[in-house]
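Below: one structure, written as structure tokens.
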Ligand SMILES: [Mg+2]
Ligand SMILES: [Zn+2]
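Have a look at this one:
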């Protein structure tokens, strides 16, 4: 066993050392736009943040398993002058309020031509997040909606799962090592659990649609 801080107040708790590729990851990093929240291109408005349908359930499952979760997000709108830096931070804060807290946040503010080390598909943010969490990048899993997310993971030595949206390119889906239909299915895969249990309906709406913010109809009884 080794230990690490989850970064939320100094607590230390043990995490088993993974013994193979089927072991649960030591940390899971999520892309933001199109993965945790519905993609609003160059969003600078916290009011437009909408979690995807299974984000809360997926994050709850990981947190319940004691696995720290983080966010790694490209925000080239900052470099392009389309998003004031303070607005990007306000959007992140809204994501944190709706889905957090996250153990680590990494945001690349650069453009594609800036040559930075952090913009996905480069591995900088995955490596930085792993370092800040005190875990080996090889024990990290990245969940994202495009090839750049998976390429960043691969370059860092991490595992990855693609959760496509309607705008994910077909070749990116074909090239992905693992594809799951929504965030909850992706996390179940990472935890070594099967798909929805017998008698348990698959989450409605897919991973990319907005969370309507209503109680789960499976537990809230007939709503209509
Ligand atoms: Mg994305
Ligand atoms: Zn960067």
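Residue numbers (this note's numbering): 1432 to 1655.
Using N, Cα and C, we set each Cβ at its ideal position, and we do this for glycine too.
Fair warning: this is a prediction, and the values are worked out from it, not measured in the lab.
Does ligand 2 have a heavy atom nearer than 7 Å to the CB of residue i?
i	result
residue 1537	no
residue 1550	yes
When you measure from the CB of residue i to every non-hydrogen atom of ligand 1, does any distance come out below 7 Å?
i	result
residue 1466	yes
residue 1577	yes
residue 1470	yes
residue 1462	yes
Just to confirm before moving on: does the CB-CB distance between residue i and residue j stay below 8 Å?
i	j	result
residue 1463	residue 1526	yes
residue 1466	residue 1576	yes
residue 1658	residue 1505	The shown model of the chain, from 1432 to 1655, leaves out residue 1658, and the question about it has no answer.
residue 1528	residue 1552	no
residue 1502	residue 1461	yes
residue 1468	residue 1482	yes
residue 1614	residue 1598	no
residue 1604	residue 1610	yes
residue 1555	residue 1549	yes
residue 1607	residue 1581	yes
So with Cβ pairs under 8 Å, would you call residue i a contact of chain C?
i	result
residue 1601	Looking at the structure shown, chain C is missing, and only one protein chain is on hand.
Does DSSP put residue i in a helix, in a strand, or in coil?
i	result
residue 1575	strand
residue 1474	coil
residue 1467	coil
residue 1630	Reliability of the predicted coordinates at residue 1630 is poor, the pLDDT of 43 falling under 50, and the value obtained from them is presented with this limitation in mind. Residue state, collapsed to three classes: coil.
residue 1608	coil
residue 1445	Unreliable positioning characterises residue 1445 in this predicted model, as indicated by a pLDDT of 49, which lies under 50. A coordinate reading is not provided.
residue 1490	helix
residue 1513	coil
residue 1543	coil
residue 1588	coil
residue 1482	strand
residue 1618	helix
residue 1623	coil
residue 1557	helix
residue 1531	coil
residue 1458	strand
Considering only residues of the same chain and omitting the five flanking positions on each side of residue i, which have a CB-CB separation below 6 Å?
i	result
residue 1509	1516, 1519, 1540
residue 1458	1499, 1564, 1566, 1571
residue 1494	none
residue 1478	none
Leaving aside the five residues before and after residue i along the sequence, list all residues of the same chain whose C-beta is less than 7 Å from its C-beta, in chain order.
i	result
residue 1456	1498, 1570, 1571, 1572, 1590, 1621
residue 1490	1500, 1530
residue 1514	1473, 1475, 1506, 1508
residue 1536	1501, 1502, 1523
residue 1545	1510
residue 1592	1572, 1574, 1609, 1611, 1617, 1620, 1621
For a test of your reading of the model: does the CB of residue i fall under 7 Å from any non-hydrogen atom of ligand 3? Yes or no.
i	result
residue 1565	With respect to ligand 3, the structure shown offers nothing to examine, as its ligands consist of ligand 1 and ligand 2.
What residues in its chain sit with their C-beta under 8 Å from that of residue i, if we drop five residues either side in the sequence?
i	result
residue 1558	1568, 1587
residue 1600	1577, 1578
residue 1492	1615, 1618, 1619, 1622
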